[in-house]
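Undergrad: Structure below; questions to follow.
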Amino acid sequence: KPCRTSLGESLTYMERIPHFILEENLYGVDLSPEAVEITQLALWIRSAAPGQTLARLSGNIVHGNSLVHDSEVHPAGFDWEQRFPDVFDRDEHGFDCVIGNPPWERIKLQEREYFSLPAPEIATASNAAKRRKLVAKLESDDPALYERYQQALDAASALLTYCRNKEAYPLTGKGDINTYAVFAELAYNIVAPHGRVGLLTPSGIASDKTTKDFFAAIAETNRLRRLYDFENRLKKFFPDVDGRFKFCILIYGGEQHSVDAADFSFFIHQVEELEDKRRHVALSGDDIKLLNPNTRTCPIFRTRRDAEITKSIYRRVPVLIDMTRKGPTGNPWGITFKTMFHQTNDAELFREPAELKEAGFKLDGNQWKNRKQVCLPVYEAKMVQMFDHRAAGVRIDQSNWMRQGQTEPSSTVDHQNPEFRSQPRFWVDQSNVELTDWGSLGFKDITSPTNQRTMIAAVAPYAGFTNHFVLVQSEATALRQTCLLGNLNSFAYDFVTRQKIGGVTLNFFIVYQVATLTPDTYSKPCPWEQSTMLETWISERVLKLTCTAEDMLPLAEACDFTSGSFQAEYGGRLNKWDEAERAVLMAELDAAFFHLYGIDRDDAEYILSTFKGIHDSRPLFPDHISQAELILRKYVEMSFPG
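The sequence shown maps to residues 1 to 642 in my numbering.
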């Protein structure tokens, strides 16, 4: 029907709708004035009509800092309620629909990125200590650049302080804040009670520790409606972004919105995959509490079957540390996690070979010594692999300023030499290292649910370690801890672990919540070999895999291990590196933990099918079968002992 416009023209109702939407129902805020102008122009072109001016759109598409309402923190500070009173001064206060693809950036200023163009020599410095010295020199060498850097540093610091204020962002303003997280909380605050929010964010919004309170707020109140997780593996979505990067479409409602269970779908590579019903998983608040009792963050399942198997495991096997329980039952292993040296913050403690030589030190294995001091190697996570602390050394590549530490993999010949030591790029004074004589169990915290293995653990010797090799320190005996190591490196454990990770970091809080066998499990007879205690059966195999070098002798002695193949040379305390034997030992451990987790053969076969790189025939194995087939053979043998 006809209606009258301010332009004085008679338009049909249908013709008027676009103008009504653009002028009275569409709002937007951006920190970039150019982006605001481009948006206004694009919308004006879309709705252009005789007499329609661009100025009519300027009231709702505006310039401002969406995250900050205080102009003292940022000159473009923006108060949503004051700027859009017609939206908030009504019974259904807030926006009916909030849509956004917020920036995915850390608020903390990144020095290497900042200096990559104006001062590449700073960006490519081999460590943080050297970088800080070069930055300090700028004050005299290039005062203008130094002043710009200080201004950028102050601005980032002010924004970080503001976002960490509990009044501003109580759910996401913590830790190393990324802007996408606080934008998600902003949307949570400005949506109307019956409204909807749709955001494109990294998948960590649902699984990271820093956003756990936000996810719990929308999941436990049944406001979460859908979460569709995408992987950039085929480079179809973002060609310039790493193929392992994961992002999601997150849809949730206002405070009056509620659903019984949210619809999840993970690891989507193409939009068409969402049409497959098997890829959709319905999870309730109770399911999330069962699987992640400490954080209530989102588990990540590829299929419904993955979800059902995982839930059945959690009904039988407790999490490693249940923070909802007090006393020993909440932490039966008596575990604390520790990181030793932060690669950036502790860089002043690190010493390099040239410096040590000049100071009169001599290299002995992978330790530098003089008459009074010993400098221990600093192990980086990239030097370690499963049951192997000598997987690689590290060399410095000055041309690669993002990753100067490049690995040099150890050969089979290296591994077969018990005197061989991997060489790091840094050393640290022995006085800075506090560990037991035999070293420590630990795991690599840089990983991905799309890697062949997610959890990679080993015992490493008495040495220094960077923060990406997390030390697992337990009150249990060294022998009992080797059983824990076998558990951590099993496929059963890895299958559960990969359901927890949304990014590329295996954080403490994730490992806390992985279903892990308790210490008393190993105090019982072995189910498939009743004459042997389970602790003995598991530990003997783990020690044969681990004690292959002289720097593992303290561990062998702590565990009274004497069944290694180096009988004449080391009294059986070391075992020769043998690829074929190692394959069988690991297959036996994997089969054993499938049994101990209560996983039947069909589900064990299915779990193995979800891992890459274990299904090709291998000459090392009997009949050239695959690793997966060898594990299943061992599983069947254990099902019918004798």
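A virtual CB, placed ideally from N, CA and C, is assigned to each residue, including glycine. Owing to the predicted nature of the structure, the values given are computational and were not obtained by experimental measurement.
Please tell me whether Lys246 and Asp263 are closer than 8 Å, where the distance is taken between their beta carbons.
TA: Against a cut-off of 8 Å, the Cβ pair of Asp263 and Lys246 comes out as no contact.
Undergrad: Look up Pro377 in the DSSP assignment and say whether it is helix, strand or coil.
TA: Three-state result, Pro377: strand.
Undergrad: Exposed or buried, Glu81, counting other C-beta atoms within 10 Å across all chains shown (16 or more means buried)?
TA: Glu81 should be labelled exposed.
Undergrad: Would you mind stating whether Val319 and Tyr512 have Cβ atoms separated by less than 8 Å?
TA: In this structure, Tyr512 lies closer than 8 Å to Val319 by Cβ.
Undergrad: Could you tell me whether the Cβ atoms of Pro424 and Pro461 are closer together than 8 Å?
TA: It is not a contact, given that the beta carbons lie outside the stated cut-off.
Undergrad: Would you kindly work out how many angstroms separate the C-alpha atoms of Arg90 and Asn65, rounded to a whole number?
TA: So the alpha carbons of these two residues sit roughly 24 Å apart.
Undergrad: Take every Cβ of the region 308-316, pair it with every Cβ of the region 598-618, and state whether three or more of those distances are shorter than 8 Å.
TA: Result yes; three or more Cβ-Cβ pairs closer than 8 Å.
Undergrad: Leaving out five residues on either side along the sequence, give the residues of the same chain with a beta carbon under 8 Å from the beta carbon of Ala476.
TA: Hits under 8 Å: Trp333, Gly334, Leu484 and Pro519.
Undergrad: Going along the chain, which residues of its own chain have a beta-carbon closer than 6 Å to the beta-carbon of Pro418, five neighbours each way excluded?
TA: Ala549, Glu550 and Leu574, listed in sequence order.
Undergrad: Per DSSP, what kind of secondary structure is Lys362 in: helix, strand or coil?
TA: Reduced to three states, the DSSP call for Lys362 is strand.
Undergrad: Apply the 10 Å Cβ neighbour rule to Val636 and answer buried if 16 or more other Cβ atoms are within range, or exposed otherwise.
TA: With fewer than 16 Cβ atoms within 10 Å of its Cβ, Val636 is classed as exposed.
Undergrad: Gly254 and Gly94 - do their beta-carbons sit closer together than 8 Å?
TA: It is a contact, given that the beta carbons lie within the stated cut-off.
Undergrad: Counting along the chain, where does the alpha helix (DSSP H) carrying His63 start and finish?
TA: Run containing His63: none in the alpha helix (DSSP H); it sits in the beta strand (DSSP E), Ile61 to His63.
Undergrad: DSSP three-state call for Leu117: helix, strand or coil?
TA: Reduced to three states, the DSSP call for Leu117 is coil.
Undergrad: Could you compute how far the alpha carbon of Thr521 sits from the alpha carbon of Phe301?
TA: Cα-Cα distance, rounded: 28 Å.
Undergrad: Among the candidates Arg498, Phe426, Phe420 and Asp437, whose CA atom is the shortest distance from the CA of Ser448?
TA: Checking every option, the nearest Cα to that of Ser448 belongs to Arg498.
Undergrad: Going by the beta-carbon positions, is the gap between Cys163 and Leu234 smaller than 8 Å?
TA: Not in contact: Cys163 and Leu234 (Cβ atoms no closer than 8 Å).
Undergrad: Provide the residue(s) that pair with Leu471 in DSSP beta bridges, ordered along the chain.
TA: Answer is Lys338 and Gly442, bridged to Leu471.
Undergrad: Where does Leu7 sit, in a helix, a strand or coil, going by DSSP?
TA: Low local confidence applies: a pLDDT of 46 at Leu7 is under 50, so the model's placement there is unreliable, with the coordinate-based value given in what follows. It is coil, neither helix nor strand.
Undergrad: Rounded C-beta distance between Leu227 and Leu250? I'm assuming under 8 Å.
TA: At roughly 6 Å, the Cβ-Cβ gap stays under 8 Å, so Leu227 and Leu250 are in contact.
Undergrad: To the nearest whole angstrom, what separates the beta carbons of Val459 and Tyr493, a pair I think is in contact under 8 Å?
TA: Not really, about 16 Å apart at Cβ, beyond 8 Å.
Undergrad: If you run the structure through DSSP and keep just helix, strand and coil, what is Thr562?
TA: Three-state DSSP puts Thr562 in coil, outside helix and strand.
Undergrad: Quick check: the Cα distance between Asp142 and Ala125, rounded to an integer number of angstroms?
TA: The alpha-carbon atoms of Asp142 and Ala125 are separated by roughly 17 Å.
Undergrad: For Leu145, which of Ser157, Pro527 and Tyr114 has the nearest alpha-carbon?
TA: Leu145 has its Cα closest to that of Tyr114, out of Ser157, Pro527 and Tyr114.
Undergrad: Buried or exposed: which applies to Phe238, given that a residue is buried once 16 or more other Cβ atoms fall within 10 Å of its Cβ?
TA: Burial call: exposed.
Undergrad: How big is the Cα-Cα spacing for Arg157 and Lys133?
TA: The sequence given here places Ser at residue 157; Arg does not occur at that position. Each residue's Cα considered, the two are about 20 Å apart.
Undergrad: Is it the case that the region 451-458 contacts the region 406-414, given that we only count it when at least three CB pairs across the two stretches are under 8 Å?
TA: Too few Cβ pairs lie closer than 8 Å, so no.
Undergrad: What span of residues does the alpha helix (DSSP H) with Cys483 cover, start to end?
TA: Ala478 to Leu488 is the span of the alpha helix (DSSP H), which, as asked, contains Cys483.
Undergrad: Is it buried or exposed, Ile21, if we count other Cβ atoms within 10 angstroms and call 16 or more buried?
TA: That one is exposed.
Undergrad: Using 10 angstroms around the beta-carbon of Arg421, count the other beta-carbons present and answer buried if the total reaches 16, otherwise exposed.
TA: When all chains shown are included, Arg421 counts as buried.
Undergrad: Would you kindly work out how many angstroms separate the C-alpha atoms of Glu629 and Pro554, rounded to a whole number?
TA: If I take the Cα positions, the gap works out to 35 Å.
Undergrad: In this structure, does DSSP put Lys236 in helix, strand or coil?
TA: Coil at Lys236, not helix or strand.
Undergrad: Where does Asp414 sit, in a helix, a strand or coil, going by DSSP?
TA: Residue state, collapsed to three classes: helix.
Undergrad: How about Gln385 and Gly613: are their beta carbons less than 8 Å apart?
TA: Against a cut-off of 8 Å, the Cβ pair of Gly613 and Gln385 comes out as no contact.
Undergrad: If we call anything under 8 Å between Cβ atoms a contact, is Lys524 one with Leu517?
TA: Their beta carbons are not under 8 Å apart, which means Lys524 does not touch Leu517 by this criterion.
Undergrad: Can you give me the Cβ contacts of Leu356 inside the same chain, cut-off strictly under 7 Å, excluding the 5 residues immediately before and after it?
TA: If we look at Leu356 and ignore the five residues flanking it on each side, its Cβ neighbours are Trp368, Cys375 and Trp427.
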